[in-house]
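Q: The structure that follows is given in the form of structure tokens.
In my numbering, the protein residues as written are 10 to 120.
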């Protein structure tokens, strides 16, 4: 996975192709915890009965992933990073109604 957010490469690999890593600035991470909305939860439950994609949850998770990644990138920028490598994403359930999404990686400076 490679994402370019205003010229800050975010990669799941440990290098930046064609560039030399000259300094590892440290671990950067971004997270968010989101709860389901009662109205969407009811609609999702009904959709679960008939099958198919549950758009309400898909939209919630997509927004959560974007926010968590943006927070990781902001932390990398604050360190003066040129890229973030070795990026990983994890999710966990906090309660039945809330989930956490975490992105983390290594902020690096490039030659």
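We treat Cβ as the ideally placed atom computed from N, Cα and C, and that holds for glycine.
Which of helix, strand or coil does DSSP assign to residue 64?
A: The residue given as residue 64 occupies position 55 in the chain shown. Reduced to three states, the DSSP call for residue 64 is helix.
Q: For residue 91, which residues in the same chain have their Cβ closer than 6 Å to its Cβ, ignoring the five residues on either side in sequence?
A: Position 82 of the chain shown holds residue 91. Contacts found: 118 and 119.
Q: Taking the alpha-carbon positions, what's the residue 13 to residue 40 distance?
A: Working through the chain shown from its first residue, we reach residue 13 at position 4. Working through the chain shown from its first residue, we reach residue 40 at position 31. Low per-residue confidence applies at residue 13: pLDDT is 46, beneath 50, and the placement is therefore not dependable enough to give any value.
Q: Within 10 angstroms of its Cβ, does residue 116 collect 16 or more other Cβ (buried), or is it exposed?
A: Residue mapping note: residue 116 aligns to position 107 of the chain shown, counting from 1. Under this definition residue 116 is a buried residue.
Q: From residue 98 to residue 63, what distance separates their C-alpha atoms?
A: To locate residue 98, count along the chain shown from 1; it is residue 89. To locate residue 63, count along the chain shown from 1; it is residue 54. If you take the alpha carbons of residue 98 and residue 63, they lie about 21 Å apart.
Q: Assign residue 29 to one of three DSSP states: helix, strand, or coil.
A: Here residue 29 refers to the residue found at position 20 of the chain shown. Three-state result, residue 29: coil.
Q: By the DSSP assignment, the beta strand (DSSP E) with residue 115 in it spans what residues?
A: Position 106 of the chain shown, counting from 1, holds the residue named residue 115. Run containing residue 115: 107-119, per the beta strand (DSSP E) assignment.
Q: Among 20, 84, 44 and 22, which residue has its Cα nearest to the Cα of residue 101?
A: Here residue 101 refers to the residue found at position 92 of the chain shown. Taking only the C-alpha atoms, the option nearest residue 101 is 44.
Q: Note down the Cα distance separating residue 81 from residue 19, rounded to an integer number of angstroms.
A: Counting from one through the chain shown, the residue named residue 81 turns up at place 72. Counting from one through the chain shown, the residue named residue 19 turns up at place 10. Approximately 10 Å, taken between the alpha carbons.
Q: On a CA-only basis, which of 107, 16 and 32 is nearest residue 70? Give me that one, please.
A: Mapped onto the chain shown, residue 70 falls at position 61. Of 107, 16 and 32, the residue nearest in Cα terms is 107.
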